[in-house]
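So the structure is just underneath, and the comments pick up after that.
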Amino acid sequence: GDTYPEKDLAGVGLAYKLAAGLSAHPEGLNIPPDDLLDLVALGTVADLVPLVGENRFLVREGLQRIRCPRRQGLMALIGVAGLKPGEITATDIGFALGPRLNAAGRMDSALTALKLLSTQNVLEAGQLAQQLEIQNRERQKITRAIQARAEELAILNDPDSLLLFAAHPDFNPGVVGLAASRLADQYYRPAIVGQIGDEFTRASCRSISEFHITAALDQCADLLKYHGGHAAAAGFTVRNENVPELIERLKAIASEQLSELDLRPTINADVEVLLSELKPEVLEHLQWMQPTGYGNPGAIFASRGLKVTSSKTVGKESDHLKFTVSDGWFTFDTIAFRQGHWQAQMPKRVDLMYTFEVNEFRGRKTLQLNVRDIRPSS
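Dropping the structure here:
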């Protein structure tokens, strides 16, 4: 049996361990394993494996190399993402670098990303990074369109279902998982989005903590050609003629497991604080928890009864909310991503859950609350 203690290594982590083993062999690789740690960090964070144990160590070491990049392609990618090399975090990988690298395979061929990370030619690196930037913007546009259409199909077909399903021949198979993720987040229900081909439907699934999506697929394995995944995400291929029965059975499983539950996402705060307690020294202590991410979340703070002194929507789609809060003595700027809908009914006083961070804009650094949830103060 497998006696290795770390069971949650990403594929890139396994590849790194193999490379390290081969490099120790007299006739093995002529590459120092540590030179690969920047790639290990990129892949580990992008693959959404828990950032604990050896994964956390590998990402921490890899981030040190990303902050002093020797790969021309990585330097160019950091540039088009508008980031500063010396300040890259795991969050930057997850929300900026990873999506741009993944856009190549989602929109065309992953070879573009491979070439970018392999090249040492400055000009080629710049061209490839720009190509990924264009593909990522197109990916975002297509994802929004598919999400809107998938939402329309899922709600129109079965508005009361505890499992959302939408499939269409025109859906881009490279981004159906992203659309499913957005639906699951928005409705807090398991969501499946697929692309209907000539013979087969290929779908991606995203779920919630109360529903193990791969276990549900296991119960329908007799209908599936291929399937696999974990508790929160999965994928499958099914013959088109089996889709109706498959979805009927999955919805029945979801109904059996979820119908008695209060399906609302919950956020747990680590500590309730006064704004006066949010000092720069707190950020220094929070650095000891880095890198944070999936499986190792950053600290969540809560504060109550804050007065909203100003607010506005920001972003291309006006879907983010930027506002200022005060407790009468201390004032903080905040950002609430994908919560722009509050602007139309912004309460005068709010209770907030948030992470505490530094925001840099046009060379000026300020302390900021990154708001995870808003509630009107009682």
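Per the numbering used here, the sequence shown starts with residue 606, numbered consecutively.
We put the CB at the ideal spot given by N, CA and C, even for glycine.
If you're wondering where the values come from, they're calculated on a predicted model, not measured in any experiment.
Express the C-alpha separation of residue j and residue i in angstroms, rounding to a whole number.
i	j	result
Asn873	Ser628	44 Å
Glu611	Asn660	8 Å
Pro655	Gln669	19 Å
Phe841	Leu851	11 Å
Pro764	Gly802	25 Å
Ala681	Leu623	28 Å
Ile818	Ala836	6 Å
Asp932	Leu688	33 Å
Glu666	Ile683	18 Å
Phe928	Val727	41 Å
Gln956	Gly703	In the sequence as presented, Gln is not what sits at residue 956; that position holds Asp. About 33 Å.
Gly903	Thr939	17 Å
Pro952	Ser983	10 Å
Phe906	Leu829	44 Å
Thr694	Pro778	30 Å
Asn901	Thr696	12 Å
Glu882	Thr960	13 Å
Tyr899	Ser786	15 Å
Ala859	Gly799	18 Å
Thr971	Pro885	10 Å
His630	Ile636	12 Å
Glu922	Glu756	18 Å
Cys810	Ala838	5 Å
Arg967	Pro849	53 Å
Leu855	Leu863	12 Å
Arg675	Gln895	23 Å
Leu679	Leu722	6 Å
Gly833	Asp607	21 Å
Lys720	Tyr609	33 Å
His773	Ala759	11 Å
Met958	Ser908	7 Å
Asp867	Glu815	10 Å
Arg742	Glu632	44 Å
Leu880	Gly945	23 Å
Pro690	Glu853	49 Å
Below 8 Å on the Cβ atoms is my guess for residue i versus residue j; work out the distance and round it to an integer in Å.
i	j	result
Leu911	Val930	4 Å
Glu645	Tyr621	Strictly speaking, residue 645 in this sequence is Val, with Glu absent from that position. Between Tyr621 and Val645 the Cβ distance is about 5 Å, and since that is below 8 Å, they are a contact.
Ala701	Ala686	4 Å
Leu642	Leu614	Contact doesn't hold; Cβ gap of about 14 Å is too wide.
Leu783	Ala796	Not a contact, Cβ separation roughly 11 Å.
Gln677	Gln732	No, Gln677 and Gln732 are not in contact; Cβ-Cβ is about 11 Å, not under 8 Å.
Ala941	Val976	4 Å
Ala651	Gly616	Rounded, the Cβ-Cβ distance is 11 Å, inconsistent with contact.
Leu716	Leu737	Going by Cβ atoms, the distance from Leu716 to Leu737 rounds to 12 Å, so no, they are not a contact pair.
Phe937	Leu974	5 Å
Sorted by chain position, which residues of the same chain lie with C-beta nearer than 7 Å to residue i's C-beta, five sequence neighbours on each side aside?
i	result
Val780	Arg711, Arg744, Ile747, Thr748 and Ile751
Phe805	Lys830, Thr842, Val843, Arg844 and Asn845
Tyr847	Reading off the sequence shown, one finds Asn at residue 847, where the question assumed Tyr. For Asn847, where only same-chain residues beyond five positions count, the Cβ hits under 7 Å are Leu828.
Pro870	Tyr793
Ser915	Phe928 and Thr929
Per the DSSP calculation, residue i is bridged to which residue(s)?
i	result
Phe928	Ser916 and Thr939
Ser723	Ser723 pairs with nothing; no bridge assigned.
Val843	Thr806 and Leu829
Thr971	Asn964
Met712	Looking at the DSSP assignment, Met712 forms no beta bridge with any residue, so it has no partner.
Asp875	Asp875 pairs with nothing; no bridge assigned.
Asn901	Gly898
Phe770	Ile797
Tyr959	Phe906 and Val976
Once you ignore the five residues that flank residue i on each side, which residues in its own chain have a CB closer than 6 Å to its CB?
i	result
Asp640	none
Is the segment 765-774 touching the segment 791-804, taking contact as three or more C-beta pairs under 8 Å?
-> yes
Counting Cβ pairs closer than 8 Å, one from the segment 813-831 and one from the segment 873-883, do we hit at least three?
-> no
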